[in-house]
Amino acid sequence: MYNINSREELQSFLKNEVWTSEEARKELLISKQRMSQLLAENRIIPISKVGQVNLYWRKDVELLKQELVQSRKKYRPQHPSE
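Numbered by the working numbering, the letters in the sequence shown go through residues 37 to 118 in order.
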């Protein structure tokens, strides 16, 4: 579990561990349409929705990225993913 004792620690934690849809898409190298498809397939699930913005746990995004990189290597070997 995380031990957060100050506002600064909380801000640092959120900045490093919680990503917006845009940040997640940039990390995953995918379009808005692909992100919507992954959401519909429940392959990525937001930890929270604030207004129109979905928030994602960094570790979930990184796990999905590994999965997508493996798929790209198999089906699209010329894709610039890593």
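Glycine included, each C-beta is placed from N, C-alpha and C at the ideal position. Remember, it's a predicted structure, so these values are computed and weren't measured experimentally.
- Message: Going by C-alpha to C-alpha distance, which of Phe-49, Leu-74, Lys-85 and Ser-84 sits closest to Glu-61?
- Response: The question names Glu, but residue 61 in the sequence shown is Arg. If we check each option's Cα against that of Arg-61, Leu-74 comes out closest.
- Between the CA atoms of Lys-95 and Glu-53 - distance to the nearest angstrom: 8 angstroms
- Taking DSSP as the reference, what is the three-state secondary structure of Asn-41? If DSSP states are grouped into helix, strand and coil, Asn-41 belongs with coil.
- Secondary structure at Asn-52, three-state DSSP: helix, strand or coil? helix
- Please state whether DSSP places Ser-67 in a helix, a strand or coil. coil
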